[in-house]
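**Student:** Each protein sequence line maps, in turn, to chains V and P. So in this note's numbering, the last spot in the first sequence is 205, and the numbers never skip. So in this note's numbering, the last spot in the second sequence is 417, and the numbers never skip. Backbone N, C-alpha and C define an ideal beta-carbon position, used for all residues, glycine too.
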Amino acid sequence: MTPHARLRIAVRHDEDIVAAGLAGIIARQADFELVGHDDAQVAVADVRSALRLLAEMSGQERAGRMRVIAIARAAREAEIARAIDAGVSGYLLHDAAPDELAAAIRHAARGGAPHLSRGAMAAVHGSLPVHLTPREADVLQFVVQGECNKAIARRLAISASTVKAHVANISGKLHAGSRTQVAVAATRRGLVGVQGPGHGVGAVP
Amino acid sequence: MTRFDRQRCDPPAGQGVIAVAVAHGDPYVAAGISALLRSGTDFNVRSGPPDGQAVDVIVTDHGGGIAAMSSWQRRVDPPPVLVVTDQETGWQIRRALGAGVHGYLLQDCSRHELLSAVRCVAGGGKYVGGLVAERLLDSLGHVAPTGRELQVLQLMARGLRNREIGAALGIGEGTVKSHVKALLGKLDAATRTAAIGEAQRRGLVAAEAPCR
C-alpha cells in the first residue's frame with residue numbers, strides 16, 4: 001500500500017438503515033474509500049456477517065487478510081468472546097460515535113489488537129469467563145426456559161437429584177443465589193441461545 | 206406492510222418537498238435514515254430536533270417519540286412523529302402508539318418502506334409496519350399488569366426473591382407472593398423463570414442490559 005492510498009472499506013449489514021448509516025459515515029472520511037468486500041482491507045459488518053466473513057477466510061494467511069469489525073446491538077459477554085475468538089478486529093455497539101468507528105477502522109487496518117467500544121468493554125470486564133460442562137449447558141438451557149428439575153430430568157433422561165446437583169454447580173459458577181438469578185445471569189451474559197427478538201447472533205431474521 | 210390511507214402514502218405528484226427532522230439516539234441509525242431519505246428526491250433532511258423550525262415530520266427513536274408526544278400535548282399544531290426502532294414487542298408498540306405517535310417502523314425495514322412511511326406520516330396519515338401490526342394484534346389479547354405488578358415484575362426479572370422484593374417496595378412478603386401469583390396468571394406461565402421469559406418477549410421488562 002502506498003502511503004497516500006485510501007483505506008478500502010466494505011460494509012455488510014443486514015439492516016438497510018444501519019448499512020446506509022455506516023456507509024455514510026465511512027464516505028465522509030477523506031482517507032476512506034467504500035468498496036465491495038472482495039477488494040476490502042477492512043469490513044464493517046453485523047455480528048453474523050462478520051463471523052461468516054471470518055469463516056470464509058479461515059484458510060488464508062493472517063497477515064494479508066481483510067480485517068473485520070463487528071457491529072452489535074447488544075453487549076453479551078459470551079457473544080463478544082466468541083467473536084474475538086473468531087478473529088474480529090473490533091466489536092462496537094451502537095454506542096460508538098462515528099469518530100470512534102473511524103478510529104477503530106484505522107486501528108484494525110494497522111493490525112492492532114481488537115478494539116471494544118465502551119459498552120462491549122463493560123460487558124467483558126468484571127466477570128471471569130464461565131466454563132460450563134456440556135451437561136451443565138444442557139441443563140442451563142432448560143432452567144432459562146423456566147422448567148422445573150423434574151421436567152428437566154425427564155427431558156435429559158437423568159434423575160432429578162442429578163439435575164439438582166448440576167443446577168447447584170451452575171449457580172456457583174455464576175455466583176447466583178437463586179434459580180431465577182441463574183436464568184437472569186445466563187441470559188444477560190449470552191450463555192444460552194434464548195434471547196430477545198431481533199438481537200445478536202442467531203436471532204430471528 | 207400496512208397502510209391506513211393508501212393515497213397519502215404514494216410519492217408526491219409534483220408537490221413540494223417534505224421537510225424531515227431526523228432526531229435519533231442511535232448514531233448509525235440516524236446517519237442511515239438521513240442517507241436513505243436524501244437518496245429520495247422529495248425530502249429536505251435536517252439532523253437533530255426541529256428547534257422551532259417548521260417541519261412536516263419528525264423521525265425519532267422509541268423514547269424520543271414518547272417524550273415528544275408528552276411535551277407537545279399543549280401545542281396547537283405539532284408535527285407528526287414517526288418512530289423507527291428495534292423495539293418490536295407488543296407492549297412497547299402499544300406504549301408508543303398510545304402516547305400518540307403517528308407511525309411505527311422497525312429498524313430492519315427496507316429503504317422503500319422507510320420512504321413510504323415518512324411520506325405517509327408527513328401527509329397526515331398513520332403508518333405501522335407489517336410485523337408491528339401483527340405484534341399489536343397479538344398483544345390485544347394480553348391483560349396488562351397493574352402498576353404495582355409491573356414494579357414487582359421488574360425486581361423479579363433482576364433475580365430478587367419475594368422477601369427482597371417486599372423489602373425494596375416496602376410491602377409484606379405475602380403481598381409480593383400474591384402479586385407474583387397474579388403475574389404468573391397474566392403471563393400464562395407455570396414458573397417464575399418462565400414468567401420472566403414471557404415478560405421479556407412481550408416487552409414488559411427489558412430483555413437485556415441496554416447498550417448505552
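1) Are the beta-carbon atoms of V192/V and A186/V separated by less than 8 Å?
2) Counting along the chain, where does the beta strand (DSSP E) carrying G308/P start and finish?
3) If you draw a straight line from the C-alpha of V194/V to the C-alpha of T294/P, how long is it?
4) Identify the contact partners of P98/V in chain P, using a Cβ-Cβ distance below 9 Å as the criterion.
5) Do you know offhand how far A322/P's Cα is from I223/P's?
6) Could you confirm whether any beta carbon from chain P is found closer than 8 Å to the beta carbon of A5/V?
7) How would you list, in chain order, the residues of chain P whose beta-carbon sits under 8 Å from the beta-carbon of Q145/V?
8) Can you list the residues of chain V that R363/P reaches, using a CB-CB cut of under 7 Å?
9) Please list the terminal residues of the continuous alpha helix (DSSP H) segment that includes S321/P.
10) Who are the Cβ neighbours of L302/P in its own chain at under 8 Å, not counting the five residues just before and after it?
11) How big is the Cα-Cα spacing for G237/P and N169/V?
12) At a threshold of 7 Å, does P232/P count as lining the ligand MN (C-beta to nearest heavy atom)?
13) Rounding to the nearest angstrom, what Cα-Cα distance links A97/V and A19/V in this structure?
14) DSSP three-state call for T207/P: helix, strand or coil?
15) Just the chain P side, please: which residues come within less than 8 Å of V18/V by C-beta, in chain order?
16) How would you write the range of the beta strand (DSSP E) that R210/V sits in, first residue to last?
17) Count the C-beta pairs between the region 103-120 of chain V and the region 365-373 of chain P that are closer than 8 Å, then say yes if the count reaches three, no if not.
18) So for T290/P, helix, strand or coil by DSSP?
19) Within the same chain, show all residues whose beta-carbon is closer than 6 Å to that of P255/P, passing over the 5 residues directly before and after it, in chain order.
20) Based on the DSSP secondary-structure assignment, which residues constitute the bridge partners of T265/P?
21) Verify the CB distance criterion: does R316/P have a CB-CB separation below 8 Å to chain V?
22) When DSSP builds the beta bridges, which residues end up paired with N249/P?
23) In terms of residue numbering, what span does the alpha helix (DSSP H) encompassing E147/V cover?
24) Suppose you measure from the CA of R407/P to the CA of G59/V; what does that come to, to the nearest Å?
25) Hey, could you find the ends of the alpha helix (DSSP H) D99/V is sitting in?
26) Strictly under 8 Å for the Cβ-Cβ distance: is Q29/V near chain P by that measure?
27) Does Q141/V get closer than 8 Å to chain P when you measure Cβ to Cβ?
**Tutor:** This is what the structure holds:
1) yes
2) G308 to L311
3) Per-residue confidence for V194/V stands at a pLDDT of 40, beneath the threshold of 50, marking its modelled position as unreliable; no derived number is given.
4) P232, Y233 and A236
5) 12 Å
6) no
7) T398, A399 and G402
8) V184
9) R316 to A327
10) Y309, V333 and L341
11) 46 Å
12) In terms of ligand content, the structure shown is empty, and the ligand MN therefore cannot be addressed.
13) 15 Å
14) Because T207/P carries a pLDDT of 45, less than 50, the predicted location of this residue cannot be relied on, and the following value inherits that uncertainty. T207/P: strand per DSSP, three-state reduction.
15) Y233, V234, G237 and Q312
16) The question about residue 210/V has no answer, for chain V in this structure spans 1 to 205.
17) no
18) strand
19) A226
20) A228/P and V288/P
21) yes
22) A224/P
23) First-last for E147/V: undefined, no H or E at that position.
24) 43 Å
25) P98 to A109
26) no
27) no
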